[in-house]
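Asks: Have a look at this one before I ask anything.
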């Protein structure tokens with residue numbers, strides 16, 4: 062990740078966004094700007110926005126909706142006052158006719174007046190709380206992107222969108238897994254408690270060391286793989302639903318907002 066010597070847990074959200082906007086930050090955002098909410102982005106034409114809104118409402122675990130922009134707006138005051146949605150993410154994916162056709166550094170040239178941005182909660186947010194509690198996050202420790210997997214768990218079809226759940230995985234000892242469940246339950250707007258722990262085959266994951274997105278991480282013999290609903294789920298849904306045009310963040314490359322993590326905690 063470029064500029065990693067200056068961007069870390071203590072970086073400000075604005076510094077992370079500016080580094081992405083200038084092309085200095087091109088890697089994953091996990092572990093950056095501790096204490097601030099990171100979000101997944103789904104950007105769709107207005108004609109499909111109402112349908113996607115219904116899909117999020119029907120599937121709040123993988124698609125916890127935090128903010129929605131006005132059509133054509135590249136700003137969203139609910140996330141940050143100086144935001145440029147088209148340039149402040151380290152990497153974007155562009156979808157055409159259900160195919161992820163490009164990964165690009167910004168989408169200013171692709172922007173249209175009818176595009177609506179959906180900001181969805183991201184598990185990178187609750188990682189800060191896990192670290193504060195003394196838990197070790199393997200992909201951060203190993204300098205990798207979080208491993209993410211397609212599952213056989215079906216979502217509720219709605220608004221013309223359908224597909225299966227995508228999950229992220231973090232390995233923990235049994236005691237730490239219990240603590241991680243307790244902590245993440247406090248954050249339902251960023252996926253909340255895990256959806257599965259233990260045998261990955263029970264949710265259709267055949268090979269733990271070959272994630273569909275992100276990077277593989279080591280899992281020790283005395284550790285349990287713990288799986289959370291993942292904000293990459295809508296990206297797979299866009300493919301499965303064959304949308305004509307859409308933009309998202311590239312998996313693991315989130316938008317860092319000015320929203321404090323503490324505002325999302327239930328207790």
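Numbering (the numbering used here), first residue to last: 62 to 328. Each residue gets a CB set at the ideal place from its N, CA and C atoms; glycine is no exception.
Can you tell which of 186, 237, 223 and 220 has its C-alpha closest to the C-alpha of residue 315?
Replies: The option with the nearest alpha carbon to residue 315 is 186.
Asks: Quick one: complete alpha helix (DSSP H) runs, 4+ long, within the region 129 to 202?
Replies: Segments of the alpha helix (DSSP H) lying fully in the region 129 to 202: 185 to 193 and 199 to 202.
Asks: Have a look at residue 239 and residue 223 and give me their C-alpha separation to the nearest angstrom.
Replies: Taking the straight line joining both Cα atoms gives about 32 Å.
Asks: For residue 313, which of 325, 274 and 290 has the nearest alpha-carbon?
Replies: For the residues 325, 274 and 290, the minimum Cα distance to residue 313 belongs to 274.
Asks: Tell me whether residue 299 sits in a helix, a strand or coil according to DSSP, three-state version.
Replies: The answer is helix: DSSP assigns residue 299 an H, G or I state.
Asks: Report the three-state DSSP secondary structure of residue 318 (helix, strand or coil).
Replies: Note: residue 318 maps to strand in three-state DSSP.
Asks: Rounded to the nearest angstrom, how far is the Cβ of residue 153 from that of residue 311, given a contact under 8 Å?
Replies: Between residue 311 and residue 153 the Cβ distance is about 6 Å, and since that is below 8 Å, they are a contact.
Asks: With a threshold of 16 other CB atoms inside 10 Å of the CB of residue 267, please say whether the residue is buried or exposed.
Replies: So residue 267 ends up on the exposed side.
Asks: Below 8 Å CB to CB, which residues in the same chain sit around residue 143 once its five sequence neighbours on both sides are set aside?
Replies: Excluding sequence neighbours, residue 143 sits near 75 and 78.
Asks: For a quick check, are the C-beta atoms of residue 130 and residue 90 less than 7 Å apart?
Replies: The answer is no: Cβ separation not under 7 Å.
Asks: Applying the 10 Å Cβ sphere with the 16-neighbour rule, what's the burial state of residue 160?
Replies: Classification of residue 160: exposed, given that the 10 Å Cβ count is below 16.
Asks: Applying the criterion that 16 or more other CB atoms from any shown protein chain within 10 Å of the CB defines a buried residue, is residue 138 buried or exposed?
Replies: Residue 138 is exposed by the Cβ-count criterion.
Asks: Report the CB separation of residue 307 from residue 103 in whole angstroms; it is logged as a contact under 8 Å.
Replies: At roughly 7 Å, the Cβ-Cβ gap stays under 8 Å, so residue 307 and residue 103 are in contact.
Asks: Using only CA atoms, which one of 71, 140 and 231 lies nearest to residue 202?
Replies: Minimum Cα distance to residue 202 is reached at 231.
Asks: Distance cutoff 7 Å, beta carbons only. Does residue 218 sit that close to anything in chain C?
Replies: Among the protein chains of the structure shown there is no chain C, as only one such chain exists.
Asks: Once you ignore the five residues that flank residue 66 on each side, which residues in its own chain have a CB closer than 8 Å to its CB?
Replies: For residue 66, the predicted model reports a pLDDT of 47, less than 50, meaning its position is unreliable; a value from the coordinates is still stated below. Closer than 8 Å at the Cβ level, and outside the excluded window around residue 66, lies no residue.
Asks: When you compare each of 168, 174 and 309 to residue 108 by their alpha carbons, which one comes out closest?
Replies: Taking only the C-alpha atoms, the option nearest residue 108 is 174.
Asks: Please go through the same chain and pick out, in chain order, the residues whose beta-carbon is closer than 6 Å to the beta-carbon of residue 291, but skip the five residues on each side of it.
Replies: Once the five neighbours on either side are set aside, the close Cβ partners of residue 291 are 209, 227, 228 and 229.
Asks: When you compare only the Cα positions, how much space is there between residue 163 and residue 170?
Replies: Rounded to whole angstroms, residue 163 to residue 170 spans 13 Å at the Cα level.
Asks: I need the DSSP call for residue 223, collapsed to helix, strand or coil.
Replies: DSSP places residue 223 in coil when its eight states are reduced to three.
Asks: Are residue 322 and residue 98 close, meaning C-beta to C-beta below 7 Å?
Replies: Yes.
Asks: For residue 243, is the classification buried or exposed, using 16 other Cβ atoms within 10 angstroms of its Cβ as the cut-off for buried?
Replies: Label assigned to residue 243: exposed.
Asks: Starting from residue 74, trace the alpha helix (DSSP H) in both directions and tell me its first and last residue.
Replies: From DSSP, the alpha helix (DSSP H) with residue 74 extends over 74 to 82.
Asks: Compute the Euclidean distance between the alpha carbons of residue 317 and residue 260, then round it to the nearest angstrom.
Replies: Computed Cα separation, rounded: 32 Å.
Asks: Taking 7 Å as the cut-off, decide whether the C-beta atoms of residue 80 and residue 68 are in contact.
Replies: Contact: yes.
Asks: If you run the structure through DSSP and keep just helix, strand and coil, what is residue 325?
Replies: Helix.
Asks: Hey, which unbroken runs of the beta strand (DSSP E) at 3 residues or more fall wholly within the region 90 to 122?
Replies: Here the runs fully enclosed are 97 to 106.
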